[in-house]
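Numbering (the working numbering), first residue to last: 16 to 319.
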């Protein structure tokens, strides 16, 4: 069985042509996965917008209403870096619903992958760095509240620290946050995750994989989480415009294999989100496709 995939056509909301956020990547990623025969009709699941009561488990009504109505202050809008248009509002609510659906599918099937998600710079009452709502935090909080899981682990390997996620769960013992990120990269003012792995500029494949491999398997054994939410950001790639690390194509997919294999060999379900990445669109799509290739491979190897 190929892993279930979660996608909605509204994910690629229109932006001005000069905008630096690569919004078209979501649509192009689906097309690439279809070319690779990883995204047939049997694998694709379409989310609904996250219900307001679930969103408010993390984000106060005053914030999400101000965003939806276009009433955020100029400073708050600038910190997010995205315009508050109706299509963007819709895709934001859908993407949070998509990560929650991906997590539910992972609990059912052992692994599932979202063609979006990973908006880890969003704090409860404000957004930052192209992140409006924290999808991983909302999904985690909903599943804990329902009793679907008792303990979760967030493995965030985007090159930028998952500062919003770390802050949201700082006092939540049922969620363990791991972030491996560029030590000198955005955000300059870091939060404190349960485990932060700071990475030096220019780090290459071997040193990077050792840094992750030295921690993740032992943590999974110690924590025995009911679910891992994995942010597979591709901005550690050496050609990423904002990354500062020096991972190759092979280094990225080996990272994904390391994480997925460590979870699946312990029978820990894992839900993946794509996180960040910046560069020419076609190159970016190829990098984002790596975690889906690794997921299909690992699902097959582990008999899922």
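Ideal Cβ positions, reconstructed from N, Cα and C, are used throughout, including at glycine.
{"Query": "Residue 85 classed as buried or exposed, judged by whether at least 16 other C-beta atoms fall within 10 angstroms", "Result": "exposed"}
{"Query": "Identity of the residues DSSP links to residue 246 by a beta bridge", "Result": "171, 288"}
{"Query": "Cβ contact (3+ pairs, closer than 8 Å) linking the segment 139-149 and the segment 214-234", "Result": "no"}
{"Query": "Length-filtered (3 minimum) beta strand (DSSP E) runs lying within the segment 247-313", "Result": "285-288"}
{"Query": "For residue 139 and residue 191, believed in contact at Cβ under 8 Å, the rounded distance", "Result": "Not really, about 19 Å apart at Cβ, beyond 8 Å."}
{"Query": "C-alpha distance - residue 243 paired with residue 278, whole-angstrom precision", "Result": "8 Å"}
{"Query": "Delimiting residues of the beta strand (DSSP E) encompassing residue 197", "Result": "190-197"}
{"Query": "Rounded distance between the beta-carbons of residue 289 and residue 130, thought under 8 Å", "Result": "7 Å"}
{"Query": "Own chain, CB closer than 6 Å to residue 266, minus 5 neighbours either side, in chain order", "Result": "220"}
{"Query": "Reduced DSSP secondary structure (H/G/I, E/B, other) of residue 147", "Result": "coil"}
{"Query": "Coil, strand or helix - residue 213 by DSSP", "Result": "strand"}
{"Query": "Distance, residue 307 Cα to residue 53 Cα", "Result": "8 Å"}
{"Query": "Counted within 10 angstroms of its Cβ, other Cβ atoms place residue 119 as buried (16 or more) or exposed", "Result": "buried"}
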